[in-house]
Amino acid sequence: MVKVQMKSIKGHLGFGIINPNAEETLVFLYGPGVRTQPSKIDKESRANIISSWDDGISHGKVKLKLGETKILALYRETEGNSIHTVDL
Numbered sequence: 067m068v069k070v071q072m073k074s075i076k077g078h079l080g081f082g083i084i085n086p087n088a089e090e091t092l093v094f095l096y097g098p099g100v101r102t103q104p105s106k107i108d109k110e111s112r113a114n115i116i117s118s119w120d121d122g123i124s125h126g127k128v129k130l131k132l133g134e135t136k137i138l139a140l141y142r143e144t145e146g147n148s149i150h151t152v153d154l
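Residue numbers (this note's numbering): 67 to 154.
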């Protein structure tokens with residue numbers, strides 16, 4: 067049996083938005099020792115839309131294991147007159 071010890075890396079994990087209200091909006095993800103190149107988001111210009119952003123991690127520090135998935139944020143939009151809540 068081979069025992070592999072994972073190295074713990076501490077640091078901030080984040081999601082950035084460049085030019086959120088411009089025609090060419092860019093997004094990127096970053097963490098300790100890694101980052102993605104900014105990627106363009108194709109946005110449709112639509113009228114009468116209600117939208118909302120929610121933070122998926124708002125309870126202080128979060129520990130992740132290698133390969134673990136965690137919801138960082140949530141974006142919702144609707145053409146109706148209300149947005150339902152989501153328990154993250």
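Cβ coordinates follow ideal geometry from the N, Cα and C atoms, glycine included. Just so you know, these numbers come straight off a predicted model, no measurement behind them.
Exercise for the section: Could you name the residues of the same chain whose beta carbon sits closer than 8 Å to that of Ile-83, not counting the 5 residues immediately before and after it, in chain order? Expected result: To locate residue 83, count along the sequence shown from 1; it is residue 17. Around Ile-83: Thr-91, Leu-92, Val-93.
Exercise for the section: Starting from Glu-143, trace the beta strand (DSSP E) both ways and give me its first and last residue. Expected result: Here residue 143 is taken as the residue at index 77 of the sequence shown, counted from 1. Its beta strand (DSSP E) spans residues 139-144.
Practice task
Determine the extent of the beta strand (DSSP E) in which Gly-80 is found, giving its start and end residues.
Solution key: Indexing the sequence shown from 1 puts residue 80 at position 14. In the DSSP assignment, Gly-80 falls within the beta strand (DSSP E) that extends over 80-84.
Handout entry: Under 9 Å between C-beta atoms of Gly-97 and Ile-116
Key = Here residue 97 refers to the residue found at position 31 of the sequence shown. Here residue 116 refers to the residue found at position 50 of the sequence shown. Not closer than 9 Å, so no.
Exercise for the section: Would you grab the beta carbon distance between Ser-118 and Ile-149 for me? Rounded to a whole angstrom, and I think it's under 8 Å. Expected result: The sequence position of residue 118 within the sequence shown is 52, counting from 1. The sequence position of residue 149 within the sequence shown is 83, counting from 1. Between Ser-118 and Ile-149 a beta carbon distance of about 5 Å is seen, short of the 8 Å cut, so the two are scored as contacting.
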